[in-house]
Each structure stands twice: as structure tokens, then as C-alpha cells.
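**Student:**
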Amino acid sequence: MTAVHTARRKCVSVQQYRSDLHSVHTPATMRPNAVLLIAILACILITARACEPDQTHNGCKIYGGSCTCGYGCRTEFIYRTRRACLNALRERSSNVCARLPCMGGICIQTMQDPGFTCKCEGTGFYGQRCEKACPTVPVRGMVFPHECIVI
């Protein structure tokens, strides 16, 4: 019979060592530890996103281009009623291009943030908000933005 020395200088048989090693590190004994770790992490995440009890209420928020209502922090669910949320959503979407966000281009409303996109083709401008004037003198090796190409 072969013997193995463990870290505590105790001499045990190879069969006993393998048996002890297997019983300590089996998936069945590790599973409760993994579940406990996941539960602790979930509690930490929930607590980190929580707010004081006196700062919670039933309310609504604008999320993904629509109103979502539920129970949560006042700073997240800022509208008291669905009607107030819908009014804010309507105003937000109806006035976005009235602010002229596309400096030299055409504003088109969208449901994705920021609520609009700019079309610069044929305007003499390019950039996310058509804020850059198209170059007038071609420079060797320079790639013109597609919005500046006139056919």
C-alpha cells in the first residue's frame, strides 16, 4: 500500500487521499457554494441600485421610446402618472427638430435616442449634426465624406 504525505504531515493511504479529495471537491458540494455566491452578488447589486424607502413611489419613466410604469426610486420613475409620461413623450418627440439640431442639414425624427437623425447629403455639410463644411479644394489622398460628393 502506497502512502501520501499531506500538507499537515499526516500519512494517509492513497485510497483515503483520493476519497477525501473527491468528497471535498465534487460538483455536488461546490454547487451550494456557487449558489450562495450568486445570491450574495445579487443582493449587493440590488442594494447598490436601491434608494431610501421614503424616496420610492409608483410612477412612470420614458424608456426605449415609450412609457414604462412601475414601483421604484423617484429619480428613476419621474412621472407620477402614465398621462404625464405620455405628455412628456409627445412633447419630446414633437419638438425635437424644432430646436434645429442639424446645423446645416435636414432633421428627421426617430424613436431612438436622441430622437432625431441628420441628413446632410446635398447641403454642403457633413458630420453627425451637419456641422462641418464640405472641403472645396480637393487635396491629394484626402477621402471626401460621401455627403460632400456631388454627381
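Numbered according to mature numbering (1 follows the signal peptide of the UniProt record, and there is no 0), the sequence shown spans residues -50 to -1, 1 to 101.
For every residue, glycine included, the Cβ atom is placed at its ideal position computed from N, Cα and C.
Because the structure is a prediction, the values reported are computed rather than measured.
Report the three-state DSSP secondary structure of residue 83 (helix, strand or coil).
**Tutor:** It is a strand residue.
**Student:** With 16 as the cutoff for other CB atoms within 10 Å, does residue 32 come out buried or exposed?
**Tutor:** Residue 32 is exposed by the Cβ-count criterion.
**Student:** What is the rounded straight-line gap between the Cα of residue 17 and the Cα of residue 9?
**Tutor:** For residue 17 and residue 9, the distance between alpha carbons rounds to 10 Å.
**Student:** In the DSSP output, which residue or residues are listed as bridge partners for residue 8?
**Tutor:** DSSP lists 21 as partners of residue 8.
**Student:** Under a Cβ-count criterion, where at least 16 other Cβ atoms within 10 Å of its own Cβ denotes burial, should residue 75 be classed as buried or exposed?
**Tutor:** Label assigned to residue 75: buried.
**Student:** Please report how far the alpha carbon of residue -6 lies from the alpha carbon of residue 39, in whole angstroms.
**Tutor:** Caution is warranted here: a pLDDT of 47 is assigned to residue -6, below 50, making its placement in the model unreliable, and the coordinate value is therefore given only provisionally. Each residue's alpha carbon lies about 30 Å from the other.
**Student:** Who are the Cβ neighbours of residue -4 in its own chain at under 7 Å, not counting the five residues just before and after it?
**Tutor:** Low confidence applies here, because residue -4 scores a pLDDT of 40, under 50, leaving its location unreliable; read the following figure in that light. Same-chain partners within the cutoff: there are none.
**Student:** Going by DSSP, name the residue or residues bridged to residue 59.
**Tutor:** DSSP output for residue 59 lists 66 as bridge partner(s).
**Student:** Mind checking residue 41: buried by the 16 CB within 10 Å criterion, or exposed?
**Tutor:** So residue 41 counts as exposed.
**Student:** Please return the same chain residues whose Cβ sits closer than 8 Å to the Cβ of residue -13, not counting the five positions on each side in sequence.
**Tutor:** For residue -13, where only same-chain residues beyond five positions count, there are no Cβ hits under 8 Å.
**Student:** Leaving out five residues on either side along the sequence, give the residues of the same chain with a beta carbon under 7 Å from the beta carbon of residue 83.
**Tutor:** These residues qualify, in order along the chain: 74 and 75.
**Student:** Could you tell me whether the stretch 85 to 93 touches the stretch 53 to 72, where touching means 3 or more Cβ pairs closer than 8 Å?
**Tutor:** No contact exists between the stretch 85 to 93 and the stretch 53 to 72.
**Student:** Got a sec? Which residues, its chain only, sit under 6 Å from residue 36 by beta carbon, not counting five neighbours each side?
**Tutor:** Result list for residue 36: 17, in chain order.
**Student:** Beta-carbon within less than 6 Å of residue 12's beta-carbon, same chain only, minus the 5 sequence neighbours each way: which residues are those?
**Tutor:** Excluding residues within five positions, the ones whose Cβ falls inside 6 Å are 39.
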